[in-house]
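See structure below.
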Amino acid sequence: MAKILVVDDSESTRRAICKMLMQYNHSAMNAENGKRALAILDENLDIELIITDVLMPEMDGIELIRELTEKYPDVPVVAMSGTNNVPYLQIAEKLGAIETLEKPFESEQLFSLINKILYD
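First residue of the sequence shown: 537, per the numbering used here; consecutive thereafter.
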(Lines of atoms letter the chains of each structure in order from A; the text may use other names.)
(Lines give C-alpha, C1' and ligand atoms only; values in the text may rest on other atoms or scores of the structure.)
Protein backbone atom coordinates (compact mmCIF):
# COMPACT_ATOMS: atom_id res chain seq x y z
CA MET A 537 0.00 0.00 0.00
CA ALA A 538 1.41 3.37 -1.03
CA LYS A 539 0.57 6.90 0.03
CA ILE A 540 -0.20 8.81 -3.18
CA LEU A 541 -0.95 12.50 -3.76
CA VAL A 542 -3.33 13.34 -6.61
CA VAL A 543 -3.15 16.92 -7.95
CA ASP A 544 -5.86 18.17 -10.32
CA ASP A 545 -8.00 21.29 -10.48
CA SER A 546 -11.07 19.19 -11.30
CA GLU A 547 -12.68 17.95 -8.10
CA SER A 548 -14.49 15.15 -9.93
CA THR A 549 -11.22 13.93 -11.46
CA ARG A 550 -9.47 13.99 -8.08
CA ARG A 551 -12.34 12.06 -6.50
CA ALA A 552 -12.39 9.47 -9.28
CA ILE A 553 -8.65 8.84 -9.14
CA CYS A 554 -8.61 8.71 -5.33
CA LYS A 555 -11.47 6.20 -5.45
CA MET A 556 -9.50 4.05 -7.92
CA LEU A 557 -6.45 4.19 -5.66
CA MET A 558 -8.40 3.21 -2.56
CA GLN A 559 -9.94 0.24 -4.39
CA TYR A 560 -6.40 -1.12 -4.65
CA ASN A 561 -5.67 -0.35 -0.99
CA HIS A 562 -3.53 2.71 -1.60
CA SER A 563 -3.83 5.74 0.65
CA ALA A 564 -4.85 8.81 -1.37
CA MET A 565 -4.52 12.51 -0.62
CA ASN A 566 -5.47 15.27 -3.03
CA ALA A 567 -4.77 18.88 -3.90
CA GLU A 568 -6.43 21.30 -6.31
CA ASN A 569 -3.21 22.93 -7.56
CA GLY A 570 0.57 22.83 -7.30
CA LYS A 571 0.77 25.30 -4.42
CA ARG A 572 -1.51 23.19 -2.26
CA ALA A 573 0.36 20.03 -3.29
CA LEU A 574 3.66 21.49 -2.05
CA ALA A 575 2.04 22.45 1.26
CA ILE A 576 0.70 18.90 1.67
CA LEU A 577 4.11 17.43 0.84
CA ASP A 578 5.80 19.65 3.41
CA GLU A 579 3.49 18.16 6.06
CA ASN A 580 3.49 14.56 4.73
CA LEU A 581 7.03 13.47 3.97
CA ASP A 582 5.88 9.85 3.62
CA ILE A 583 4.11 10.44 0.28
CA GLU A 584 5.53 7.88 -2.14
CA LEU A 585 4.12 9.04 -5.49
CA ILE A 586 2.55 12.14 -7.01
CA ILE A 587 0.07 12.06 -9.88
CA THR A 588 -0.47 15.55 -11.26
CA ASP A 589 -2.46 17.18 -13.99
CA VAL A 590 -0.41 19.45 -16.20
CA LEU A 591 -2.83 22.32 -16.84
CA MET A 592 -4.14 23.94 -13.65
CA PRO A 593 -4.60 27.47 -12.29
CA GLU A 594 -2.33 29.06 -9.66
CA MET A 595 0.60 26.67 -10.01
CA ASP A 596 0.32 24.27 -12.93
CA GLY A 597 1.78 20.79 -13.20
CA ILE A 598 4.83 21.96 -15.15
CA GLU A 599 5.80 24.42 -12.40
CA LEU A 600 5.03 21.79 -9.78
CA ILE A 601 7.30 19.22 -11.45
CA ARG A 602 10.12 21.79 -11.55
CA GLU A 603 9.69 22.44 -7.82
CA LEU A 604 9.40 18.75 -6.97
CA THR A 605 12.57 17.75 -8.80
CA GLU A 606 14.47 20.33 -6.74
CA LYS A 607 12.77 19.92 -3.38
CA TYR A 608 11.69 16.24 -3.43
CA PRO A 609 13.90 14.52 -6.03
CA ASP A 610 13.22 11.03 -4.65
CA VAL A 611 9.43 11.23 -5.01
CA PRO A 612 8.37 9.98 -8.46
CA VAL A 613 5.89 12.08 -10.43
CA VAL A 614 3.36 10.95 -13.03
CA ALA A 615 2.03 13.76 -15.24
CA MET A 616 -1.44 13.47 -16.75
CA SER A 617 -3.42 15.54 -19.22
CA GLY A 618 -6.09 15.28 -21.89
CA THR A 619 -5.20 13.81 -25.27
CA ASN A 620 -5.13 17.28 -26.85
CA ASN A 621 -2.27 18.26 -24.54
CA VAL A 622 0.37 15.67 -25.47
CA PRO A 623 3.08 18.35 -25.98
CA TYR A 624 2.64 19.37 -22.33
CA LEU A 625 3.17 15.76 -21.28
CA GLN A 626 6.39 15.67 -23.30
CA ILE A 627 7.57 18.82 -21.51
CA ALA A 628 6.63 17.26 -18.17
CA GLU A 629 8.79 14.22 -18.96
CA LYS A 630 11.74 16.42 -19.92
CA LEU A 631 11.41 18.24 -16.58
CA GLY A 632 11.39 15.07 -14.51
CA ALA A 633 8.04 13.26 -14.67
CA ILE A 634 8.87 9.56 -14.58
CA GLU A 635 5.76 8.61 -16.60
CA THR A 636 2.79 10.25 -18.31
CA LEU A 637 -0.88 9.35 -18.65
CA GLU A 638 -3.36 10.64 -21.19
CA LYS A 639 -6.83 11.30 -19.77
CA PRO A 640 -9.17 9.55 -19.77
CA PHE A 641 -7.46 6.36 -18.64
CA GLU A 642 -8.63 3.06 -17.20
CA SER A 643 -7.91 2.00 -13.63
CA GLU A 644 -5.86 -0.94 -14.96
CA GLN A 645 -3.52 1.51 -16.74
CA LEU A 646 -3.07 3.48 -13.54
CA PHE A 647 -2.35 0.44 -11.39
CA SER A 648 0.03 -1.07 -13.89
CA LEU A 649 1.94 2.21 -13.88
CA ILE A 650 1.98 2.44 -10.07
CA ASN A 651 3.25 -1.13 -9.76
CA LYS A 652 5.96 -0.48 -12.35
CA ILE A 653 7.13 2.69 -10.60
CA LEU A 654 6.93 1.61 -6.97
CA TYR A 655 7.40 -2.15 -6.96
CA ASP A 656 9.54 -3.18 -9.96
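Glycine residues also receive a C-beta, built at the ideal position from the N, C-alpha and C atoms.
These numbers come from a predicted model, not from an experiment.
Need the endpoints of the alpha helix (DSSP H) that residue i sits in, please.
{"i": "L577", "result": "570–579"}
{"i": "A552", "result": "547–559"}
{"i": "I601", "result": "597–607"}
Please check the pair residue i and residue j, which I expect to be a contact at CB under 8 angstroms, by giving their CB distance rounded to whole angstroms.
{"i": "I601", "j": "A633", "result": "6 angstroms"}
{"i": "I598", "j": "I540", "result": "Going by Cβ atoms, the distance from I598 to I540 rounds to 20 angstroms, so no, they are not a contact pair."}
{"i": "D656", "j": "M592", "result": "Not a contact, Cβ separation roughly 29 angstroms."}
{"i": "N569", "j": "E594", "result": "4 angstroms"}
Which partner residues does residue i have in the DSSP bridge list?
{"i": "G618", "result": "K639"}
{"i": "N566", "result": "V542"}
{"i": "V611", "result": "DSSP lists no partner for V611."}
Determine the contact status of residue i and residue j, defining contact as a CB-CB distance below 9 angstroms.
{"i": "P612", "j": "I653", "result": "yes"}
Taking the beta strand (DSSP E) that residue i belongs to, which residues open and close that run?
{"i": "D589", "result": "585–589"}
{"i": "I540", "result": "539–543"}
The ligand ATP and residue i: does any heavy atom of the ligand fall closer than 8 angstroms to the residue's C-beta?
{"i": "C554", "result": "Absence of the ligand ATP from the depicted structure is noted, as is the absence of any ligand whatsoever, leaving it without description."}
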